[in-house]
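Trainee: By the working numbering, the letter at position 172 of the sequence shown is numbered 485, and the numbering carries on one by one without gaps.
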Amino acid sequence: MKNFFKGRLSGKSTAAIICFCLAAVAALGIFSYNKASEELTGELSGVKDGTSQTLPVSETEAAQEANIPAENIPMEPSEQAAAAEETMILEQDAFGMDGEGSPEAEPVSESFTGASVRPVSGNILTDYSDGELVKSKTLSVWKTHDGIDIAAETGSAVKSAAAGVVTSVSRDPLMGVTVIIDHGSGYEGYYCNLANEVPVSEGDKVSAGTVIGEVGSTAEAEISEEPHLHFGLKKNGSWTDPADMLSGEGS
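(1) Measuring only the C-alpha atoms, how far is Lys547 from Ile461?
(2) With three or more C-beta pairs closer than 8 Å as the rule, is the region 457 to 477 touching the region 493 to 506?
(3) Can you pull the DSSP bridge partners for Lys518?
(4) Please list, in chain order, all residues of the same chain as Met488 whose beta carbon is under 7 Å from its beta carbon, the five residues on each side excluded.
(5) Could you give the DSSP three-state label for Leu452: helix, strand or coil?
(6) Which residues in the same chain have their Cβ closer than 8 Å to the Cβ of Val511, if we skip the five residues on either side of it in sequence?
(7) For Thr451, count neighbouring C-beta atoms within 10 Å of its own C-beta (all shown protein chains included) and say buried if the count is 16 or more, exposed if not.
(8) Would you list the one or two residues that DSSP bridges to Glu501?
(9) Is the distance from the Cβ of Leu438 to the Cβ of Glu515 below 9 Å?
(10) Are there 16 or more other CB atoms within 10 angstroms of the CB of Pro486, so buried, or fewer, so exposed?
(11) Using 8 Å for Cβ pairs, my map puts Val433 next to Val519. What's the rounded Cβ distance?
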């Protein structure tokens, strides 16, 4: 039997077996090559016509992979909303905004709305002329009367009509010894025709009713008038009617 197989596998039979094996190997190789080629061709076709399947990435991730600066990367809607809220909070902190989105009110000084006391208790002899010319009894000329004359006996105490700070104590050539008081909110009181002795000085703080002098006869421009206090009032640098202040109507 051994010699039989030895004889049968020799010669042409052996060559036939070898050829068959080579053909099988070649067929397997061709099949594998064709399979790989088909897969590669399919992938290339998908890329060309835009149908290739890739995992989705956000614009932010794509921009980061491309090394685009952070400030130039477009934000997702949720990121934009968060950024807007943060910006609003920062602005509120910077500008002192309250919870309702409006500026917090800062404390302001109370506006001067009238006098607490009359400087002297007499009647008004001469009214404020409001820019109109009136004839001066003393000077015999037509001029404006930028204040009111309040009747009072010489030596009568003159009081500050409201709280304030003394800004000037001087002797005016026409209106005599004058004390000027800053009453706040743009108001300045001019207390004229005072006696020479004045108990206050520049920089003194006074309250409504503080005695700042006495009625005198130092106003050369009104020396012919009966004894009185000449009281003038400026608002933001312009003369205004002191009677409004005394009646509580000033604003």
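Built from N, CA and C at the ideal position, the CB exists for glycine as well.
Mentor: So, to answer that:
(1) 12 Å
(2) The region 493 to 506 makes contact with the region 457 to 477: 3 or more CB pairs, one atom from each, lie closer than 8 Å.
(3) Val478
(4) Here Met488 has Cys505, Asn506, Ala532, Ala534, His543 as same chain residues with Cβ atoms under 7 Å from its own Cβ, once five neighbours each way along the sequence are excluded.
(5) coil
(6) Answer for Val511: Val482, Val490, Val492, Ile525, Gly526, listed in chain order.
(7) exposed
(8) Asp495, Lys547
(9) No; because the gap between Cβ atoms is not below 9 Å, this pair is not in contact.
(10) exposed
(11) Rounded, the Cβ-Cβ distance is 16 Å, inconsistent with contact.
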